[in-house]
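Notes to accompany the following structure.
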């Protein structure tokens, strides 16, 4: 959920596929009366080119923007060699800029949506949970530095440490909890024009896009009462936006790849209603120092190898792909085969109605050797069912 | 004085009930002093029973919650006779049947003979025209039975009251002037 | 065993007696249960079952509390949902009556609750889902009036013909509020239905409507499902405990503490409801006996065939059990149906006196059903025991004998034993009450009541014999009297039993009436003493302890500024927890209790406050209930929980107040408003300048202010009494059930007795007694029994009344009541009883006298 992030605020195209966060927005509109629908966007701040990023301020929340999220995925390994994948996403949604702002604590009417998922390869289980909060004591996203809370799910930057380091605490229902430290080993990467990432022809369709592509991760997992140490690598996106999606975009496919050679790849393919890649689809290489180089992503670079149909939702997701990306640095074509570690990594948003696939993948070269790890996000495959819960 | 004799089930008691107005005959007509009892209202029959017809039974049928004196007085009370008048009649009749010293006793404290004497006193107290007696000695030993028969002979006959006596006993029928026999519901005169 | 097939009528009669008894008991138990479960957890109608509930001693959570709860929960996952509840008055029903339709409005944190969907994704409650989904719907109407989204029940929607999108108008506090219907909840079969009086709103909307930002009344915690759920709960409980600001309860304990508020009331009701069963027991005994009498020949034959007495007894007991089962089964059905009606009665009482309970339907409850069933069977077995034993022990020869005087039932005729038991009861009455965690239980009082009832059943039958000489003079008057009253000299066991039953019924009913009458007299005295203002202003619909409508400061200030008003006392009331028990903090219109001229003092405050060393400490006065519940005395210091922390006050006096039994502590209003940061008034007592016309002032104020109602002194007094009477409506119903059962018993006794005495009737007929005379004799006999029962019942009622007023009430509620004897009610009871007895026994006599004599040869 990154590049394409900006997609989320599109107005409802009736009778079409709806993007996840659009659904969240619809919900907000429902909950807060109808006045929010039309007037919302014009009153939110719009990302502008040339923004001077300042840290830790820009790690924190940007309440003047309509939507913002912090997104972490990672691969973990326990001491006895079992592999785990996890996802933790904190959204801040500002639905209603016109609502009367009292001086009291209810002034903050932001909605806080969050997702948490864990893939347990040892037990072949995928568990996940969604949360929605509005009360300021239940959830917040602080300004000034990264400090987020959604119930007992927390993400914050640890102070007093030179290299950025973060603490993530989370849980899924009663039997899963995680407590992780994430230490940046690569500097912050700014995607787009120095962090100003445009998503469409409309200049308003843009976001601030900050990423830590390599966070060394250590900590504890607790599964059904048993706690154990894990370590691995994580990827963290932070995007700030207020924009809308294009009318004919129906979803996106997004990947983050961490290669064993020290480089990283981020790519997204925005799908139009005719199942083509939108011209704004992008692939970005991140070098060892964290610098990104961008190029358009074309349809032939992303070939679907295998699809998987969810027994739960009957949605069919293209879960296994082959990438053929131009490697500008070495002037060759980079070929990789992305294989999901587990097919059923489908997130079911019981509250928001959002259904998407967010899964840990192995990255293989054409010979089948493991050359890296990836996370892939596939959205917009849910059809009308996304909305049904809210009708 | 008339005795009616016959085997069990020959209809003696039923006849008596009809005569006493307690039961109604299925057919036929019954006259009391030229009046057809079948045509009389229940209240008129009750009136008859109060003043004209009295009964004596084999099982005495005293009211168990009343004393001897009260049992005897009861028919007078039903007739609403003033208390002082009642007292006199009761006292005299008690004397006649020899129960004065037992007047405060309850029926269950009496012997069979005493009970029957009380019943006779109760029958006599209203000075009826007819007394219907249904096996009055049937439940008594012979000595007491004899005593009762004597009493009936002395008191009832002496006062000129008609007595219709239903009995099995030859001895009882002996005190009567006439004896009728009954068989299968038919009276054989 | 075959008795019931051959005597369907008497079988039916027994079964219905047991059924009535079981039904009365079962329905009251169910209704109680429903009324109690109606407290607090109204969200349970949405299928929500919190794992832990936090409540606040001061009754109110502030937002700071919510933050600190979250902090203490730390890393423990759970859904935390504050809940706010208030009452709203139906604006559609204008008028000043206190019986306006009142809604209970529940404000839910719909956002927090939406997360519960994850706990059970497959069967997330449909209506809960709608409640969160469609919740917050606050918009400005064309008129400029605010409108809020609300979820209503199917029941209300049907009643008012409402559908989604419609609007309804209610009064919250003193403001008219428009609610627009977002959703109509559908009741699920076999679940507690959503009562028509409950409305659900988003908590933020409700806070806005109440103009009380950030207020909540409790916090519910829901823990996620999974293997570790109980570990998480324990950990959370550990983290949250030992905090002065709140108490942690499981729903059960919390329910209990709410239920404890009405404990005394419910205990009384349960005991009353057993009355019908107890009286019924006498009747069953009687009925069984009659059956045995009828079955005598059969028994004798069986016995002569060599059946053992034990087998005969077992057979009779089995028959009793069979009746018990049959009757109790019917009683359960009847009781369940009755509970649906009774629950409204109980709930309305509870609403008027205690908390808001919105129960409209009673749930079937297995354990209550089993309890009622076993009570019914036990009563039936116990009732069958003596007759069965007698039937087994009597020798065949004796059985053949006709008629009998008393039998086993003469066992009841033990006046000396009765007197002994009565004395034991008297001793018990002076035992101190038994303390439990919620207050005092007058165990001694209840024991005394039980012993006295027992004593009365032993003494009253003897009274039948004592009646005979009293009536002797009458016997000379007419044969009807002679025969009727002679029965009393040698009463049969059936007579004894029905007199005992009547004594108990009249005694208990009369005792309750005594108590109610005393209560009423005391109330009237208290009202005349303390209700002295010319006008009483309250938010429309406010009229019971459960109502939460308040007047805003602006409203009461503008009223007090009226030129004709000399003084206006603003009243406030807050429910608080003191020492873990619920009680109330109210405002005193003055800062020095000595100036409180309309208080009715039990212990007057000392006129020299300087005597106390704590001159700077705020003073409080407490009511009698508070004094006895918390065992405090003058000059004690107590700590009152408030949103601003615990405040220490000194007790200066004790005043009389009969508004509640949970206790009241009154403190200067200015302090109370400050502590609770709440200036809203529950009511205003207005004193007018001399010469001002109350009616005129009232109309003048009403023309300016909406959402309030103003009562003149006279109207208020009437309404207070009206509510008072309403409170005892259940009691009256139960009394009449007991009396009716007793009369039915007497009638049944007469039937069996007369059937046995058919021959006597025949004899009387022979002696010239008319049918009318015989029917009258029967009536007189019944009347004599009824009067005997009534006389002893009156004595019993005086004892029980004294017990209720002086011992039980004082101990359980802490109220001192003036004893007042309800002569009028008692005489009317006698008249009604006599009429009913005559009406039921005379036809019986007529019927028996028309039967032809059976063959006697």
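Chains as they are written, first to last, in the numbering used here: chain A, 16 to 406; chain B, 138 to 326; chain C, 195 to 1051. Note that beta-carbon positions come from the ideal geometry of N, C-alpha and C, so glycine has one too. The structure displayed is predicted, hence computed values, not measured ones.
query                                                                                                                                                                                                           : result
How long is the line joining the alpha carbons of residue 934/C and residue 1034/C, rounded to whole angstroms?                                                                                                 : 11 angstroms
Using a C-beta to C-beta distance shorter than 8 angstroms, which residues of chain B count as neighbours of residue 672/C?                                                                                     : 214, 217
For a contact defined as C-beta to C-beta under 8 angstroms, what are the partners of residue 361/A on chain C?                                                                                                 : What residue 361/A touches in chain C: nothing, since even the nearest Cβ is about 13 angstroms away.
Just list the beta strand (DSSP E) runs in the stretch 739-809 of chain C, keeping only unbroken ones of 3 residues or longer that don't cross its boundaries, in chain order.                                  : 759-765, 767-772, 775-782, 795-797
With a 10 Å radius around its C-beta and 16 neighbouring C-beta atoms as the bar for buried, classify residue 179/C as buried or exposed.                                                                       : Nothing about residue 179/C can be read from this structure; chain C reaches only from 195 to 1051.
Would you kindly work out how many angstroms separate the C-alpha atoms of residue 621/C and residue 642/C, rounded to a whole number?                                                                          : 8 angstroms
Please determine, among 657/C, 676/C, 658/C, the residue with the shortest C-alpha to C-alpha distance to residue 666/C.                                                                                        : 676/C
At a CB distance below 8 angstroms, what residues from the stretch 945-970 of chain C approach chain B? Give them in sequence order.                                                                            : 953, 954, 956, 957, 958, 959, 960, 961, 962, 963, 964, 965, 967
Would you say residue 306/C reaches chain A, if we count a Cβ-Cβ gap shorter than 8 angstroms as a contact?                                                                                                     : yes
Can you name the residues of chain C whose CB is closer than 8 angstroms to the CB of residue 203/B?                                                                                                            : 676, 677, 680
Within the 8 angstroms Cβ cut-off, does residue 170/A reach chain C?                                                                                                                                            : no
Using 8 angstroms for Cβ pairs, my map puts residue 210/A next to residue 225/A. What's the rounded Cβ distance?                                                                                                : 6 angstroms
Which stretch, first to last residue, makes up the beta strand (DSSP E) that contains residue 229/A?                                                                                                            : 221-238
Do you know how far the Cα of residue 334/A is from the Cα of residue 322/A?                                                                                                                                    : 5 angstroms
Under 8 angstroms, Cβ to Cβ, is there at least one residue of chain A near residue 1086/C?                                                                                                                      : Only positions 195 to 1051 of chain C appear in the structure, and residue 1086/C is not among them; the question remains open.
What does residue 261/C touch in chain A if you count any residue whose Cβ is under 7 angstroms from its own?                                                                                                   : 152
For residue 319/A, collect the residues of the same chain with a Cβ closer than 7 angstroms to its Cβ; drop the 5 residues on either side in sequence, then sort them by chain order.                           : 333, 336
Just the chain C side, please: which residues come within less than 7 angstroms of residue 147/A by C-beta, in chain order?                                                                                     : 305, 308, 309
Measure the C-alpha to C-alpha separation of residue 512/C and residue 506/C and round it to an integer number of angstroms.                                                                                    : 10 angstroms
For residue 876/C, which three-state DSSP category applies?                                                                                                                                                     : coil
Measure the C-alpha to C-alpha separation of residue 972/C and residue 959/C and round it to an integer number of angstroms.                                                                                    : 14 angstroms
By the criterion of Cβ-Cβ separation under 7 angstroms, what are the contact partners of residue 301/B in chain C?                                                                                              : None at all; the shortest Cβ gap to chain C is about 14 angstroms.
With a threshold of 16 other CB atoms inside 10 Å of the CB of residue 414/C, please say whether the residue is buried or exposed.                                                                              : buried
By the 7 angstroms beta-carbon criterion, what residues does the stretch 239-263 of chain B contribute toward chain C?                                                                                          : none
In whole angstroms, give me the CA-to-CA distance for residue 392/A and residue 282/A.                                                                                                                          : 10 angstroms
Does the stretch 785-804 of chain C come into contact with the stretch 842-862 of chain C, if we say contact requires no fewer than three beta-carbon pairs (one atom in each stretch) closer than 8 angstroms? : yes
Rounded to the nearest angstrom, what separates residue 290/B and residue 206/B at their Cα positions?                                                                                                          : 22 angstroms
Counting contacts by CB-CB distance shorter than 8 angstroms, is residue 181/B in contact with chain C?                                                                                                         : no
Report yes if the CB atom of residue 514/C is closer than 8 angstroms to the CB atom of residue 574/C, and no otherwise.                                                                                        : yes
Can the beta-carbon of residue 306/B be found less than 8 angstroms from the beta-carbon of residue 964/C?                                                                                                      : no
Please name the residues in the stretch 681-697 of chain C whose beta-carbon is closer than 7 angstroms to at least one beta-carbon of chain B, in chain order.                                                 : 681, 683, 684
What's the C-alpha gap between residue 183/B and residue 715/C?                                                                                                                                                 : 56 angstroms
Would you say residue 280/A and residue 230/A are within 8 angstroms of each other, going by their C-beta atoms?                                                                                                : no
Quick check on DSSP: helix, strand or coil for residue 319/C?                                                                                                                                                   : Below a pLDDT of 50, predicted positions are generally treated as unreliable, and residue 319/C, at 46, falls in that range; no measurement from the model is reported.
Within the chosen definition, does the stretch 388-401 of chain C reach the stretch 299-310 of chain C through at least 3 CB pairs nearer than 8 angstroms?                                                     : yes
Against chain A, does residue 336/C count as a neighbour if the rule is that its beta carbon must be under 8 angstroms from one of theirs?                                                                      : Confidence at residue 336/C is low in this model, with a pLDDT of 42, below 50, so its placement is unreliable and the value that follows should be read with caution. It does not; no Cβ of chain A falls within 8 angstroms.
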